[in-house]
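**Q**
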Amino acid sequence: MSSPSPVLSTIILVFALQAILLSALVFFKQPKNQSNIFLSLLIFFYALMALNIAFINVLIRFDSFEIFRYFQLELLYGIGPALYFYTKSISNPNFRFKKQDYLHFLPLVLEFIFYRTAFYRLGAEGMYQSPSHTYTKIYLGEQWLGILSISIYTILAFRLLIKHQNWLKQRYSNLEKKSLNWLKLPVIFYGSFWISWNILTELDRFIFDEELRKYYFLPSFAGLAIVSCWIAFKSYTFSTPEPTEQNKKLNTKAEPSLNLEKYAKRIQHHMETEKPYLDPDLNLSQLANQLNMNSKQVSQTINTCFEKNFYEYVNEYKVKYFIQKVNASEQEKYTLLSLAYDCGFKSKSTFNDSFKKITGKTPTEYIKKLKKESESMHSVD
35 MSSPSPVLST IILVFALQAI LLSALVFFKQ PKNQSNIFLS LLIFFYALMA
85 LNIAFINVLI RFDSFEIFRY FQLELLYGIG PALYFYTKSI SNPNFRFKKQ
135 DYLHFLPLVL EFIFYRTAFY RLGAEGMYQS PSHTYTKIYL GEQWLGILSI
185 SIYTILAFRL LIKHQNWLKQ RYSNLEKKSL NWLKLPVIFY GSFWISWNIL
235 TELDRFIFDE ELRKYYFLPS FAGLAIVSCW IAFKSYTFST PEPTEQNKKL
285 NTKAEPSLNL EKYAKRIQHH METEKPYLDP DLNLSQLANQ LNMNSKQVSQ
335 TINTCFEKNF YEYVNEYKVK YFIQKVNASE QEKYTLLSLA YDCGFKSKST
385 FNDSFKKITG KTPTEYIKKL KKESESMHSV D
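Numbered by the numbering used here, the letters in the sequence shown go through residues 35 to 415 in order.
Given below as structure tokens:
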């Protein structure tokens, strides 16, 4: 444990308590929302962790640390399931929490009971005794299992986010307002905090013999409390957008019965002649309807013959069309962004990312290179 700091302990105490109160408001926010329930639990458990640290420091300062063993607040086993089910709720609106899912929170109940027994009190105190108490191994085992639990659920949550992002790219050319944005921020923050915290503490333990602990321990939890409070406030004031419907998963593996080469020529001809990519909201279903094909056929063809997902395939056409306009010197009449919008892009970030991925340069770098080549040709003439 780091040395007590009245200022940092006060900051943690104030913001952690506010985060807990706000998490309750998120929990009861109307209309009832499954993702809000799990987010409120996630905020509550992390704020409780921070509050636990502040409580310890206050007791140490008043030389009453022994009281803490009777009021342990930390609940490690609730963090992982709350993070996982929150991620599942925002990434799949068809998901419904079932009775058997409560089993994920059973370790949380057992943890709460464990902290009220002599196994915890004597085991935790035994860490500072020589030889250590018999129950100390039980206490350490419970703590390490808690750390393992959060780590596994965090990895599963990140996998769900990545899977959802890939799902979107198979169906939409424009991910604006579909990529969860604010909703995935709690997952990224809490997941990254947990992973970074464990890496930092282990490096400090094995390399620096915990000498760095006094510099990062309390500041980290102060940051956790402040950000938790902010996330709780934003969650309470945030209007949940309409969820993106997730239909049956597309099978993107090629089937021998599908004449993919014929479909590829058909799709390519349609893209080059009709330019459907100029519609910034073009999606897989719309393109399939235009081609009188089904979504599965279009998706398999793009994935197999062009080795791209729908998002990459459509945006590549937009970038090529933008380059055509630039080569025709149209950028001299319009700004780059307005030209990008004319080519079917709907956001600056998507345009920049797609352009850099395809050409290896930013739009500005590409145009500068084009101007240099043009000047070189004129100078030779």
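Built from N, CA and C at the ideal position, the CB exists for glycine as well.
Can you give the beta carbon distance from Ser74 to Val60, rounded, assuming they're within the 8 Å contact cut?
**A** 4 Å
**Q** Tell me whether the stretch 354 to 368 and the stretch 216 to 228 touch, counting them as touching only if at least three CB pairs, one residue from each stretch, are closer than 8 Å.
**A** no
**Q** Considering Cα atoms alone, identify which of Leu179, Gln199 and Asn86 is closest to Tyr111.
**A** Leu179
**Q** To the nearest angstrom, how far is it from the Cα of Cys377 to the Cα of Gln177?
**A** Looking at the two C-alpha atoms, the distance is approximately 55 Å.
**Q** Gln204 to Tyr187, Cα distance in whole Å?
**A** 26 Å
**Q** I need the straight-line Cα distance from Asp239 to Arg130, nearest angstrom please.
**A** The sequence given here places Arg at residue 239; Asp does not occur at that position. Taking the straight line joining both Cα atoms gives about 42 Å.
**Q** Comparing alpha-carbon positions, which option in Lys66, Lys63 and Phe78 lies nearest Ala50?
**A** Cα-wise, what sits closest to Ala50 is Phe78.
**Q** When you compare the CB positions of Leu312 and Val360, do they come within less than 9 Å of one another, or not?
**A** no
**Q** Look at Leu234 and Ile184 and say whether their C-beta atoms are less than 9 Å apart.
**A** No.
**Q** Between the Cα of Glu306 and those of Ile124, Val348 and Ile46, spot the shortest distance and give me the residue it belongs to.
**A** Val348
**Q** Use the C-beta contact count for Ala288: other C-beta atoms within 10 angstroms, 16 or more gives buried, fewer gives exposed.
**A** Note that Ala288 scores a pLDDT of 48, beneath 50, so its modelled location is shaky; the value from the coordinates is reported in the next line. Its Cβ having fewer than 16 others within 10 Å, Ala288 is exposed.
**Q** Helix or strand or just coil, what does DSSP make of Tyr311?
**A** helix
**Q** Start and end of the alpha helix (DSSP H) containing Asn200?
**A** Thr170 to Lys203
**Q** Rounded to whole angstroms, what is the Cα-Cα separation between Val143 and Tyr400?
**A** 59 Å
**Q** Give the straight-line distance between the Cα atoms of Glu346 and Lys132, rounded to the nearest whole angstrom.
**A** 36 Å
**Q** Report the partner residues of Asn317 according to the DSSP bridge assignment.
**A** Tyr206
**Q** What are the boundary residues of the alpha helix (DSSP H) that Met83 is part of?
**A** Gln68 to Arg95
**Q** Pick helix, strand or coil for Arg150, following the three-state DSSP scheme.
**A** coil
**Q** When the Cα atoms are used, what is the spatial distance from Leu202 to Ala88?
**A** 42 Å
**Q** Which term fits Met161, buried or exposed, when burial requires 16 or more other beta carbons within 10 angstroms of its beta carbon?
**A** exposed
**Q** By DSSP, does Lys390 sit in helix, in strand, or in coil?
**A** helix
**Q** Assuming Ile181 and Asn232 are in contact, meaning their beta carbons sit under 8 Å apart, how far apart are those beta carbons, in whole angstroms?
**A** 7 Å
**Q** Please report the distance separating the alpha-carbon of Ile45 from that of Phe192.
**A** 30 Å
**Q** Is the stretch 205 to 225 touching the stretch 144 to 161 in the sense that three or more CB pairs, one from each, lie closer than 8 Å?
**A** no
**Q** Taking DSSP as the reference, what is the three-state secondary structure of Gly378?
**A** coil
**Q** Measure the C-alpha to C-alpha separation of Val48 and Asn323 and round it to an integer number of angstroms.
**A** 56 Å
**Q** If the criterion is Cβ atoms closer than 9 Å, does the pair Pro310 and Leu321 meet it?
**A** Note that the C-beta distance between Pro310 and Leu321 is below 9 Å.
**Q** Considering only C-alpha positions, which residue in the set Phe255, Phe96 and Leu195 is nearest to Leu82?
**A** Phe255
**Q** Measure the C-alpha to C-alpha separation of Thr286 and Pro127 and round it to an integer number of angstroms.
**A** Any answer about Thr286 is weak, because its pLDDT of 48 lies below 50 and its placement is not dependable; what the coordinates show is given next. Each residue's Cα considered, the two are about 22 Å apart.
**Q** Tell me whether His303 is buried or exposed, calling it buried when 16 or more other Cβ atoms sit within 10 Å of its Cβ.
**A** exposed
**Q** Buried or exposed for Ala53, going by 16 or more other Cβ atoms inside 10 Å?
**A** buried
**Q** Report the residue from Ser123, His167 and Leu140 whose alpha carbon sits nearest the alpha carbon of His198.
**A** Ser123
**Q** Out of Phe72, Leu76 and Gln68, which one is the CA nearest neighbour of Val261?
**A** Leu76
**Q** Note down, in chain order, each residue of its chain lying with its Cβ closer than 7 Å to the Cβ of Leu56, except the 5 sequence neighbours on either side.
**A** Only Cys263, Ala266, Phe267 and Tyr270 meet the Cβ criterion.
**Q** Is Asn361 helix, strand or coil when you go by DSSP?
**A** helix
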